[in-house]
Amino acid sequence: MKRLTLELGIVSKMIRYFFMIALLLCGGSAFAGSRVYQKPSDFIKGSLGAIPATQAINLSAKQQGQVRAILGKNYKTRSVRYWTRNGKTAFILEEIGKTEYITTGIVVKNGKVESVKVLVYRESHGWEVARTAFTNQFRGTSLKSNSQISKAPRNIAGATLSVRALTKLARLALFLESQK
0 MKRLTLELGI
10 VSKMIRYFFM
20 IALLLCGGSA
30 FAGSRVYQKP
40 SDFIKGSLGA
50 IPATQAINLS
60 AKQQGQVRAI
70 LGKNYKTRSV
80 RYWTRNGKTA
90 FILEEIGKTE
100 YITTGIVVKN
110 GKVESVKVLV
120 YRESHGWEVA
130 RTAFTNQFRG
140 TSLKSNSQIS
150 KAPRNIAGAT
160 LSVRALTKLA
170 RLALFLESQK
(Lines of atoms letter the chains of each structure in order from A and count residues from 1; the text may use other names and numbers.)
(Lines give C-alpha, C1' and ligand atoms only; values in the text may rest on other atoms or scores of the structure.)
Protein backbone atom coordinates (compact mmCIF):
# COMPACT_ATOMS: atom_id res chain seq x y z
CA MET A 1 0.00 0.00 0.00
CA LYS A 2 2.82 2.41 0.89
CA ARG A 3 4.51 1.63 -2.42
CA LEU A 4 1.30 2.43 -4.37
CA THR A 5 0.92 5.74 -2.52
CA LEU A 6 4.55 6.58 -3.22
CA GLU A 7 4.18 5.76 -6.94
CA LEU A 8 1.00 7.87 -7.20
CA GLY A 9 2.83 10.77 -5.57
CA ILE A 10 5.66 10.48 -8.09
CA VAL A 11 3.21 10.33 -11.02
CA SER A 12 1.36 13.36 -9.65
CA LYS A 13 4.61 15.35 -9.46
CA MET A 14 5.58 14.28 -12.98
CA ILE A 15 2.24 15.49 -14.34
CA ARG A 16 2.65 18.86 -12.61
CA TYR A 17 6.20 19.24 -13.97
CA PHE A 18 5.00 18.30 -17.45
CA PHE A 19 2.39 21.06 -17.46
CA MET A 20 4.80 23.63 -16.01
CA ILE A 21 7.35 22.82 -18.71
CA ALA A 22 4.66 22.90 -21.41
CA LEU A 23 3.54 26.32 -20.17
CA LEU A 24 7.11 27.65 -20.22
CA LEU A 25 7.82 26.26 -23.69
CA CYS A 26 4.62 27.72 -25.10
CA GLY A 27 5.27 31.10 -23.51
CA GLY A 28 1.83 30.95 -21.97
CA SER A 29 0.20 31.10 -25.40
CA ALA A 30 -1.45 27.73 -24.88
CA PHE A 31 -3.62 29.40 -22.28
CA ALA A 32 -4.09 32.72 -24.06
CA GLY A 33 -7.24 33.35 -26.00
CA SER A 34 -8.80 36.08 -28.03
CA ARG A 35 -10.33 38.88 -26.04
CA VAL A 36 -13.22 40.30 -27.99
CA TYR A 37 -13.96 43.76 -26.66
CA GLN A 38 -16.43 44.80 -29.35
CA LYS A 39 -17.68 43.43 -32.65
CA PRO A 40 -16.52 45.49 -35.67
CA SER A 41 -20.13 46.13 -36.74
CA ASP A 42 -20.98 47.48 -33.27
CA PHE A 43 -17.90 49.73 -33.40
CA ILE A 44 -18.93 51.18 -36.77
CA LYS A 45 -22.53 51.71 -35.67
CA GLY A 46 -21.49 53.25 -32.35
CA SER A 47 -18.91 55.54 -33.95
CA LEU A 48 -20.91 56.68 -36.96
CA GLY A 49 -24.49 56.34 -35.65
CA ALA A 50 -25.36 53.77 -38.33
CA ILE A 51 -23.60 51.36 -40.63
CA PRO A 52 -23.21 53.12 -43.99
CA ALA A 53 -22.34 51.36 -47.23
CA THR A 54 -18.91 49.77 -47.25
CA GLN A 55 -16.35 51.48 -49.44
CA ALA A 56 -12.81 50.41 -50.29
CA ILE A 57 -9.47 51.87 -51.21
CA ASN A 58 -7.68 49.70 -53.75
CA LEU A 59 -4.04 50.45 -53.07
CA SER A 60 -1.96 51.38 -56.10
CA ALA A 61 1.68 50.32 -56.28
CA LYS A 62 2.72 53.76 -55.03
CA GLN A 63 0.26 53.62 -52.14
CA GLN A 64 1.41 50.11 -51.27
CA GLY A 65 4.95 51.47 -51.03
CA GLN A 66 3.77 54.22 -48.68
CA VAL A 67 1.87 51.68 -46.56
CA ARG A 68 5.02 49.51 -46.47
CA ALA A 69 6.95 52.52 -45.18
CA ILE A 70 4.38 53.01 -42.39
CA LEU A 71 4.08 49.37 -41.34
CA GLY A 72 7.53 48.11 -42.21
CA LYS A 73 5.89 45.47 -44.41
CA ASN A 74 3.02 45.12 -46.86
CA TYR A 75 -0.50 45.33 -45.50
CA LYS A 76 -2.30 42.00 -45.51
CA THR A 77 -4.65 43.01 -48.35
CA ARG A 78 -4.48 45.37 -51.33
CA SER A 79 -8.01 46.59 -50.72
CA VAL A 80 -8.86 48.33 -47.44
CA ARG A 81 -12.49 48.78 -46.45
CA TYR A 82 -13.86 51.85 -44.71
CA TRP A 83 -17.17 53.49 -43.79
CA THR A 84 -17.97 57.22 -43.98
CA ARG A 85 -20.82 59.19 -42.43
CA ASN A 86 -21.21 62.77 -41.13
CA GLY A 87 -17.63 63.72 -42.01
CA LYS A 88 -16.17 60.78 -40.08
CA THR A 89 -14.41 57.75 -41.53
CA ALA A 90 -14.16 54.45 -39.67
CA PHE A 91 -11.49 51.87 -40.46
CA ILE A 92 -11.18 48.34 -39.13
CA LEU A 93 -7.46 47.54 -39.40
CA GLU A 94 -5.23 44.73 -38.21
CA GLU A 95 -1.57 44.54 -37.30
CA ILE A 96 0.54 41.91 -35.60
CA GLY A 97 1.68 42.75 -32.09
CA LYS A 98 4.23 40.08 -31.24
CA THR A 99 2.78 37.04 -33.01
CA GLU A 100 -0.97 37.61 -33.38
CA TYR A 101 -3.21 40.16 -35.08
CA ILE A 102 -4.73 42.99 -33.09
CA THR A 103 -8.01 44.09 -34.67
CA THR A 104 -8.54 47.81 -34.12
CA GLY A 105 -11.25 50.30 -35.00
CA ILE A 106 -10.10 53.84 -35.78
CA VAL A 107 -12.25 56.87 -36.56
CA VAL A 108 -10.74 59.84 -38.40
CA LYS A 109 -12.38 63.23 -38.80
CA ASN A 110 -10.85 66.28 -40.52
CA GLY A 111 -7.44 64.59 -40.75
CA LYS A 112 -7.27 63.82 -37.03
CA VAL A 113 -7.87 60.67 -35.03
CA GLU A 114 -11.16 60.95 -33.21
CA SER A 115 -11.09 57.54 -31.53
CA VAL A 116 -9.18 54.27 -31.35
CA LYS A 117 -10.67 51.07 -29.96
CA VAL A 118 -9.07 47.64 -29.72
CA LEU A 119 -11.81 45.30 -30.91
CA VAL A 120 -10.09 41.91 -30.69
CA TYR A 121 -6.84 41.23 -28.85
CA ARG A 122 -5.22 37.85 -29.49
CA GLU A 123 -1.80 38.15 -27.83
CA SER A 124 -0.96 36.55 -24.48
CA HIS A 125 0.65 39.77 -23.15
CA GLY A 126 0.19 43.48 -23.62
CA TRP A 127 -3.61 43.61 -23.47
CA GLU A 128 -3.30 46.90 -21.56
CA VAL A 129 -3.32 48.69 -24.93
CA ALA A 130 -7.06 48.01 -25.02
CA ARG A 131 -7.65 50.26 -22.03
CA THR A 132 -9.37 53.55 -22.74
CA ALA A 133 -6.64 55.41 -20.83
CA PHE A 134 -4.15 54.20 -23.43
CA THR A 135 -6.24 54.54 -26.60
CA ASN A 136 -7.36 58.08 -25.66
CA GLN A 137 -3.76 59.21 -26.19
CA PHE A 138 -4.36 59.00 -29.95
CA ARG A 139 -7.22 61.53 -29.90
CA GLY A 140 -6.42 64.59 -31.95
CA THR A 141 -3.27 63.18 -33.50
CA SER A 142 -2.60 63.93 -37.12
CA LEU A 143 -0.10 62.78 -39.70
CA LYS A 144 3.04 64.86 -40.11
CA SER A 145 4.75 65.20 -43.48
CA ASN A 146 7.17 62.36 -42.67
CA SER A 147 4.28 59.90 -42.07
CA GLN A 148 4.72 60.07 -38.29
CA ILE A 149 1.88 60.93 -35.94
CA SER A 150 1.93 64.32 -34.27
CA LYS A 151 2.17 62.90 -30.75
CA ALA A 152 3.44 59.47 -29.80
CA PRO A 153 1.66 57.53 -27.05
CA ARG A 154 3.40 56.60 -23.81
CA ASN A 155 4.82 53.11 -23.83
CA ILE A 156 3.50 50.36 -21.56
CA ALA A 157 6.04 48.05 -19.92
CA GLY A 158 5.50 44.55 -21.27
CA ALA A 159 3.38 45.78 -24.16
CA THR A 160 5.96 47.51 -26.35
CA LEU A 161 5.12 45.55 -29.50
CA SER A 162 1.38 46.10 -29.02
CA VAL A 163 1.95 49.84 -28.53
CA ARG A 164 3.98 49.92 -31.75
CA ALA A 165 1.24 48.01 -33.59
CA LEU A 166 -1.48 50.47 -32.53
CA THR A 167 0.75 53.44 -33.37
CA LYS A 168 1.33 52.01 -36.85
CA LEU A 169 -2.41 51.48 -37.29
CA ALA A 170 -3.16 55.09 -36.29
CA ARG A 171 -0.59 56.25 -38.86
CA LEU A 172 -2.12 53.92 -41.46
CA ALA A 173 -5.66 55.15 -40.82
CA LEU A 174 -4.56 58.78 -41.17
CA PHE A 175 -2.71 57.96 -44.38
CA LEU A 176 -5.69 56.05 -45.82
CA GLU A 177 -8.04 58.91 -44.94
CA SER A 178 -5.86 61.22 -47.03
CA GLN A 179 -6.02 58.79 -49.98
CA LYS A 180 -9.77 58.32 -50.38
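Here numbering that gives the first Met the number 0 is used: the first residue of the sequence shown is 0, the next is one more, and so on.
Note that the Cβ used here is the ideal one computed from N, Cα and C, for glycine as well.
Here residue 134 carries a helix assignment [DSSP, helix/strand/coil]. Residue 176: member of the alpha helix (DSSP H) spanning 159 to 178, first to last residue.
CA-CA distance, residue 87 to residue 144, rounds to 22 angstroms.
Judged by pairs of C-beta atoms under 8 angstroms, the region 59 to 73 does not touch the region 104 to 120, as fewer than three such pairs exist.
In the same chain as residue 137, and ignoring 5 residues on each side of it, the C-beta atoms closer than 7 angstroms to its own belong to 112, 115, 152 and 169, in chain order. Between residue 33 and the set 165, 159, 175 and 124, the nearest pair of CA atoms involves 124. Straight across, the Cα-Cα distance linking residue 35 with residue 141 is about 27 angstroms. DSSP places residue 127 in the helix class (H, G or I) of the three-state scheme.
Taking a cut-off of 8 angstroms for Cβ pairs, the region 81 to 100 and the region 149 to 164 touch, as three or more such pairs fall below it. Judged by DSSP in its simplified three-state form, residue 104 adopts strand. Annotation: residue 43 is outside any beta strand (DSSP E); the continuous alpha helix (DSSP H) that includes it extends over 39 to 47.
With respect to the C-alpha of residue 127, the residue from 38, 156 and 167 having the closest C-alpha is 156.
Distances from the CA of residue 165 to each of 179, 178, 177 and 91 were compared; the closest alpha carbon is that of 91. Within the same chain, 77 come within 6 angstroms of residue 58 by CB-CB distance, once the 5 residues on both sides are set aside. Annotation: residue 45 to residue 61 spans about 33 angstroms, alpha carbon to alpha carbon. The beta-carbon distance between residue 56 and residue 81, rounded to whole angstroms, is 7 angstroms. This is short enough to meet the 8 angstroms contact definition. By the neighbour-count definition (other C-beta atoms within 10 Å, threshold 16), residue 130 is an exposed residue.
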